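Participant: I have a structure here, written as C-alpha cells, and I will follow up with some questions on it.
There are 2 protein chains.
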Amino acid sequence: METDTQQRLLDAAEALFAEQGFAETSLRAITARAQANLAAINYHFGSKDALVRAVFSRRLRRLSEERLSRLAALNAGGQPVAVEAVLDAFIEPSLRLRREGPHGERFTRLLGRAQIEGSESLREFLRDCYAPVLEQFQRTLGRILPRLRPEELRWRLHFTLGVLSFTYAGARLPPVPFAVRVAGDEEWLLRQLIQFLAAGLRAPPLMERVETAV
Amino acid sequence: METDTQQRLLDAAEALFAEQGFAETSLRAITARAQANLAAINYHFGSKDALVRAVFSRRLRRLSEERLSRLAALNAGGQPVAVEAVLDAFIEPSLRLRREGPHGERFTRLLGRAQIEGSESLREFLRDCYAPVLEQFQRTLGRILPRLRPEELRWRLHFTLGVLSFTYAGARLPPVPFAVRVAGDEEWLLRQLIQFLAAGLRAPPLMERVETAV
DNA sequence: ACCATAATCAAACAGACGTTTGAATGAAGC
DNA sequence: GCTTCATTCAAACGTCTGTTTGATTATGGT
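Chains as they are written, first to last, in our numbering: chain A, 7 to 220; chain B, 7 to 220.
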C-alpha cells in the first residue's frame, strides 16, 4: 500500500500549489493537509522539486493523449478541417478535466500558473511534455492556414497558449465577468475561447507566405 | 540625497523580481546587487511587500497616463475609431517602455508575471492601478463594437490581457520564434499582436446584442 | 562650533524552510 | 516463531528568511 499516502500528498500539493503558488507552499503545509508526516515527501518523492513534477506527471499524460487522439480523429476524417475544430480538440479535454471536479479545476489552474511562475527546471520539464502535442497541432494548423508563414503561425500559437494559461490561472483582472460564471460556464467559456482564438488565428497574415514548390 | 540608494534598490529589485520571481528573491540578494546594506530596504520602504509595490508604482503611473492620453486623442479625432488603433493605444506605450532599455524590458516582464504570480495584496494593488485604464478602453471598444454584449466584450478584454501578460512575462513555450527576435522585433511583435487581437475582438458575437433603445 | 536629522552599518533576532537521521511500527515470507 | 522490508514518526540538522536594534557616520542648519 505505497500509493495511499502518495495520492494524498499529491492531492494536497496540487491544491496548495494552485492556491498559493509553488514557492509559497511549504512541505509542512502539504503534509499537514495530507495528514502525513513531514518526512513522507522526501521519502516518497525525493525532494520538493520532484514532488512538483509528480503533480504534473500524474494528469498531464492523459491530457496530452486526449488532445492528440482528438486531433488525429480530425485529421483522419477526410473532410477539410476547421480551425474551430482544432481549437476544440486542444481546449475541450482540459475543460472536461475541469468539469470532473475540484481537482480538475485546481490542476488546470496550476497548469496556467506553471507557464509563468515555476522554476527553470519545472518549465523545462513542462516544455518536454508539451512539445510533441504542440508540434502536432502546429502541423495541422499550418496545413489548414497555408497563407501563414511558420514564424507568424508560431506567434499566434504562442498567443493562443497565453490566453489559455491566463484564463486557467484564474488571473482576475478588474472587470472579470463573475456573473457569467453562475452556471454552465465551462460550455460558454469554451465557445468564447474558440470564437476569439479562431478569429485571431485566421486573421490575414502580415507577410504573405512565399509559395514553396508550385 | 535620500533618492540615490532608493533608486538603486528599486533597480535591483526590479531586475531580480523579473528574473526570479517575487518569493524567490531575497532582500539580501537585492541589497547585494544594489550595493546597499540589508537594513536599507526596511528603512526606506518599510517592508518587502511595500518594496514590491514601490517597484510598480515608479513606472506604472506614466504608463497608464500614456495609454489614457493616446486613447483620448483617438476619441477626440472625430473620425470613426478602428479596433487596431485602440489596441495600439494600449500596447504601444508598453512596448515603447521596453525599447527604452533593459529596465523597460524587465518591467514589462514583471508586469506580466505579477498578474499570475504575486501575493493577493499585490494583485489588489495592481487591480486598482489598472481599473481606470481598462474601464476607459472597455468603454471605447464597446462603442465601436456595438454588437458585442458587455459580458462577451469583457471576456475578450480578458483574453487580450492574457496574451499581453503571457507575452511580456516571456513565457517561452516550446516553439517560440527566436529567429524573429534577431532585430527590430518590437515593431514586428506589435503588429503581430494587433493583427491577432483585433481579429479576435472583431469576431462575430456568440450572442447578438439586444437593441437597447432603438 | 554645535546640534539635529538622515542615512548607513554590523550584528543579531526569531521563525520558517527543505532535508536528514535513527528509532518505531507494520505487514508479508518462510 | 523470527526475519525482512517498506513505511511512518518525532526530532533535529544547518541554512536562509524578513525584520529589528543600537551604534556609527555623514549632512545641513543656525
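Note that the Cβ used here is the ideal one computed from N, Cα and C, for glycine as well. Source: prediction; values computed, not measured.
Considering just the uninterrupted stretch of the alpha helix (DSSP H) at B/Glu-123, what are its terminal residues?
Facilitator: Against the second sequence, residue 123 of chain B aligns to sequence position 117. Careful: B/Glu-123 lies outside any alpha helix (DSSP H) and carries neither H nor E.
Participant: Using 9 Å as the limit for Cβ to Cβ distance, is A/Val-169 near chain B?
Facilitator: The residue given as residue 169 of chain A occupies position 163 in the first sequence. It does: the Cβ of A/Val-169 has a partner Cβ on chain B nearer than 9 Å.
Participant: If you follow the alpha helix (DSSP H) that B/Asn-81 is part of, which residue opens it and which one closes it?
Facilitator: As a first step, residue 81 of chain B must be located in the second sequence, where it is residue number 75. Start and end: 54 to 81.
Participant: Closer than 9 Å, Cβ to Cβ, to anything on chain B: give me those residues from the stretch 94 to 124 of chain A, in chain order.
Facilitator: Answer in chain order: Gly-118, Arg-119, Gln-121, Ile-122, Glu-123 and Gly-124.
Participant: What residue from A/Gly-206, A/Glu-193, A/Pro-152 and A/Phe-131 has the CA that sits closest to A/Leu-167's CA?
Facilitator: Within the first sequence, numbered from 1, the residue matching residue 167 of chain A stands at position 161. Closest option to A/Leu-167, Cα to Cα, is A/Gly-206.
Participant: Could you check the C-alpha separation between B/Leu-22 and B/Ile-36 for me, to the nearest Å?
Facilitator: Indexing the second sequence from 1 puts residue 22 of chain B at position 16. Indexing the second sequence from 1 puts residue 36 of chain B at position 30. Looking at the two C-alpha atoms, the distance is approximately 7 Å.
Participant: Three or more beta-carbon pairs under 8 Å between the stretch 81 to 93 of chain A and the stretch 125 to 133 of chain A, yes or no?
Facilitator: At 8 Å Cβ cutoff, the stretches do not touch.
Participant: Mind checking whether A/Phe-172 and B/Phe-165 have CB atoms under 9 Å apart?
Facilitator: In the first sequence, the residue the question calls residue 172 of chain A occupies position 166. In the second sequence, the residue the question calls residue 165 of chain B occupies position 159. Contact: yes.
Participant: Against chain B, does A/Glu-72 count as a neighbour if the rule is that its beta carbon must be under 9 Å from one of theirs?
Facilitator: Taking the first sequence and counting its residues from 1, the one referred to as residue 72 of chain A is at position 66. It does not; no Cβ of chain B falls within 9 Å.
Participant: Using the beta-carbon of each residue, which ones in chain B are nearer than 9 Å to A/Leu-212?
Facilitator: The sequence position of residue 212 of chain A within the first sequence is 206, counting from 1. The answer, in chain order, is Trp-194, Arg-197, Gln-198 and Gln-201.
Participant: Pick from B/Trp-194, B/Arg-105, B/Gly-27 and B/Phe-51: whose alpha carbon is nearest that of B/Leu-15?
Facilitator: For the purposes of this step, residue 15 of chain B is taken as the residue at position 9 of the second sequence. It is B/Phe-51 whose Cα lies nearest to the Cα of B/Leu-15.
Participant: Between B/Pro-156, B/Arg-102, B/Arg-119 and B/Gln-144, which has its C-alpha nearest B/Val-89's C-alpha?
Facilitator: For this step, residue 89 of chain B is matched to residue 83 along the second sequence. Nearest C-alpha to B/Val-89: B/Gln-144.
Participant: Counting only Cβ pairs nearer than 7 Å, list the residues of chain A close to B/Glu-30.
Facilitator: Here residue 30 of chain B refers to the residue found at position 24 of the second sequence. What B/Glu-30 touches in chain A: Ala-29.
Participant: Kindly indicate if chain B contains any beta-carbon less than 9 Å away from that of A/Gly-1.
Facilitator: Outside the modelled stretch of chain A, which goes from 7 to 220, sits residue 1 of chain A, for which no answer is possible.
Participant: In terms of residue numbering, what span does the alpha helix (DSSP H) encompassing A/Gly-84 cover?
Facilitator: Position 78 of the first sequence, counted from the start, is the residue given in the question as residue 84 of chain A. It is not in any alpha helix (DSSP H) - A/Gly-84 carries neither H nor E in the DSSP assignment.
Participant: Are A/Asp-55 and A/Leu-128 touching if we call contact CB-CB under 9 Å?
Facilitator: By one-based count along the first sequence, residue 55 of chain A stands at place 49. By one-based count along the first sequence, residue 128 of chain A stands at place 122. It is a contact, given that the beta carbons lie within the stated cut-off.
Participant: Taking only three categories from DSSP, how would you classify A/Ser-32?
Facilitator: Translated into the one-based positions of the first sequence, residue 32 of chain A becomes position 26. Coil, per DSSP.
Participant: Where B/Ala-91 and B/Gly-148 are concerned, what is the direct C-alpha to C-alpha distance, given to the nearest angstrom?
Facilitator: Sequence index remark: in the second sequence, residue 91 of chain B carries index 85 (1-based). Sequence index remark: in the second sequence, residue 148 of chain B carries index 142 (1-based). B/Ala-91 and B/Gly-148: Cα-Cα distance of roughly 14 Å.
Participant: Indicate whether B/Glu-25 and B/His-109 have their beta-carbon atoms separated by less than 9 Å.
Facilitator: Residue 25 of chain B sits at position 19 when you count from the first residue of the second sequence. Residue 109 of chain B sits at position 103 when you count from the first residue of the second sequence. No. Outside cutoff.
Participant: For B/Leu-212 and A/Arg-197, which I take to be in contact (beta-carbon distance under 8 Å), what is that distance rounded to the nearest angstrom?
Facilitator: Looking up residue 212 of chain B in the second sequence gives position 206. Looking up residue 197 of chain A in the first sequence gives position 191. The Cβ separation is near 6 Å, so the contact holds.
Participant: Would you identify the three-state DSSP class for A/Gln-41, choosing helix, strand or coil?
Facilitator: For this step, residue 41 of chain A is matched to residue 35 along the first sequence. Correct three-state label for A/Gln-41: coil.
Participant: Hey, quick one: how far does the alpha helix (DSSP H) through B/Ala-209 stretch, first residue to last?
Facilitator: Position 203 of the second sequence, counted from the start, is the residue given in the question as residue 209 of chain B. From DSSP, B/Ala-209 is part of no alpha helix (DSSP H); its letter is neither H nor E.
Participant: Would you say B/Arg-162 reaches chain A, if we count a Cβ-Cβ gap shorter than 9 Å as a contact?
Facilitator: Sequence index remark: in the second sequence, residue 162 of chain B carries index 156 (1-based). Cβ-Cβ to chain A under 9 Å: yes for B/Arg-162.
Participant: Nearest CA to the CA of A/Asp-191: which residue from B/Arg-153, B/Glu-158 and B/Thr-146?
Facilitator: Mapped onto the first sequence, residue 191 of chain A falls at position 185. When only C-alpha atoms are compared, the closest one is B/Glu-158.
Participant: I'd like to know if B/Thr-146 contacts chain A, where contact means its C-beta is closer than 9 Å to some C-beta of that chain.
Facilitator: Here residue 146 of chain B corresponds to residue number 140 of the second sequence, with the count starting at 1. B/Thr-146 does not count as touching chain A.
Participant: On the three-state DSSP scale, how would you describe A/Arg-133?
Facilitator: In the first sequence, the residue the question calls residue 133 of chain A occupies position 127. Of the three classes helix, strand and coil, the one that applies to A/Arg-133 here is helix, per DSSP.
Participant: Counting only beta-carbon atoms, is A/Glu-20 nearer than 9 Å to chain B?
Facilitator: Taking the first sequence and counting its residues from 1, one reaches residue 20 of chain A at position 14. No, A/Glu-20 does not count as interfacial toward chain B.
Participant: Apply the 10 Å Cβ neighbour rule to A/Leu-163 and answer buried if 16 or more other Cβ atoms are within range, or exposed otherwise.
Facilitator: Residue mapping note: residue 163 of chain A aligns to position 157 of the first sequence, counting from 1. With 16 or more Cβ atoms within 10 Å of its Cβ, A/Leu-163 is classed as buried.
Participant: I'd like the list of long-range same chain contacts for B/Arg-153, defined as Cβ closer than 6 Å, with 5 residues on each side in sequence excluded.
Facilitator: Sequence index remark: in the second sequence, residue 153 of chain B carries index 147 (1-based). Same-chain partners within the cutoff: Pro-211 and Arg-215.
Participant: Is A/Phe-51 helix, strand or coil when you go by DSSP?
Facilitator: Within the first sequence, residue 51 of chain A is the residue found at index 45, counting from 1. Correct three-state label for A/Phe-51: coil.
Participant: Below 8 Å on the Cβ atoms is my guess for A/Thr-11 versus A/Ala-60; work out the distance and round it to an integer in Å.
Facilitator: Stepping through the first sequence from its first residue, residue 11 of chain A is reached at position 5. Stepping through the first sequence from its first residue, residue 60 of chain A is reached at position 54. Not a contact, Cβ separation roughly 13 Å.
Participant: Give me the chain B residues within the contact set of A/Thr-173, using Cβ-Cβ distance strictly less than 8 Å, ordered along the chain.
Facilitator: Numbered from 1 along the first sequence, position 167 holds the residue referred to as residue 173 of chain A. Per Cβ cutoff of 8 Å: His-164, Phe-165 and Gly-168.
Participant: Compute the beta-carbon to beta-carbon distance between A/Ala-79 and A/Gly-118, rounded to the nearest angstrom, for a pair I have assumed lies under 8 Å.
Facilitator: Here residue 79 of chain A refers to the residue found at position 73 when the first sequence is read from its first residue. Here residue 118 of chain A refers to the residue found at position 112 when the first sequence is read from its first residue. In fact, because the Cβ distance is near 26 Å, the residues do not count as touching under 8 Å.
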